Amino acid sequence: MQVYLDSYGAFLGVRNGMFYIKPRHGEGQTLPLRKVKAIFLCRGVRVSTDALELAICSGIPVLLTDGIGRPLGQVWSGQFGSIATIRKNQALFSLSLPGLYYVAGLLRRRAEGQLKMLARLKEQYRLQVEGWDRGTEVIQGIIERHKTVKGLQDKEALKQTLRGWEGTATRHYFQLLASAMPPA
Numbered sequence: 058m059q060v061y062l063d064s065y066g067a068f069l070g071v072r073n074g075m076f077y078i079k080p081r082h083g084e085g086q087t088l089p090l091r092k093v094k095a096i097f098l099c100r101g102v103r104v105s106t107d108a109l110e111l112a113i114c115s116g117i118p119v120l121l122t123d124g125i126g127r128p129l130g131q132v133w134s135g136q137f138g139s140i141a142t143i144r145k146n147q148a149l150f151s152l153s154l155p156g157l158y159y160v161a162g163l164l165r166r167r168a169e170g171q172l173k174m175l176a177r178l179k180e181q182y183r184l185q186v187e188g189w190d191r192g193t194e195v196i197q198g199i200i201e202r203h204k205t206v207k208g209l210q211d212k213e214a215l216k217q218t219l220r221g222w223e224g225t226a227t228r229h230y231f232q233l234l235a236s237a238m239p240p241a
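Counting from 58, one number per residue, gives the positions in the sequence shown under the numbering used here.
This is how it looks when you write it as structure tokens:
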């Protein structure tokens, strides 16, 4: 379970080797370590160092969030090797098909952001640039192709395809940006 403490005055501590949670007004309860997967803390919550130590030693991430749940920071163990393990697993994930699909999603979102930026530039500066529509159509076509990437099963072919699409989208984006710049 994920524990969210967002009530002003709530308390997170330790009792009998378990997490102890107590709202400002009301009875507290204990939670066994095996059930807690993550702890999210908002402003106004009190936390004991014993609770932080227990979370760190148990490998339970503690995230500090703002009022609407966006992460501000995290408390984690300083043990050597945890970062290396994460990096190793990230590298292995990037070589797998699900990892490549994830990268394709990132590249699609990037191209969508580029297209939005170009649309804002055209609207804000009332640009009348030759080839503008053609360039944005190419980027839009690449965005549409990214949506069909799950049909590809060959990892090497997928890598090459993603590189090609990214190169084409980026080339058109920067050509359009350059054409929007006033002459020197």
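Glycine is no exception: its CB is placed at the ideal position from the N, C-alpha and C atoms.
Model, not experiment: these values are computed from the prediction.
- Only residues of its own chain outside the window of five on either side were considered, and among them Y158 have a CB closer than 7 Å to the CB of K207, listed in chain order.
- Considered as a whole, the segment 136-198 harbours 139-151, 154-182 as its complete alpha helix (DSSP H) runs of no fewer than 4 residues, in chain order.
- Taking the Cα of Y65 as reference, the smallest distance to any Cα among A176, K92, G124, A241 is reached at G124.
- Contact between the segment 204-222 and the segment 177-186 is absent: fewer than 3 CB-CB pairs across the two stretches fall below 8 Å.
- Distance between G156 and R165, taken at the CA atoms: about 14 Å.
- Excluding the 5 residues flanking it on each side, K92 has same chain C-beta neighbours closer than 8 Å at M58, in chain order.
- DSSP lists T122 as the bridge partner or partners of P128.
- For R72, the enclosing beta strand (DSSP E) covers residues 68-72.
- Going by DSSP, L209 is part of no beta strand (DSSP E) at all; its letter is neither H nor E.
- Put simply, the segment 96-116 touches the segment 71-86. At least three CB pairs are less than 8 Å apart.
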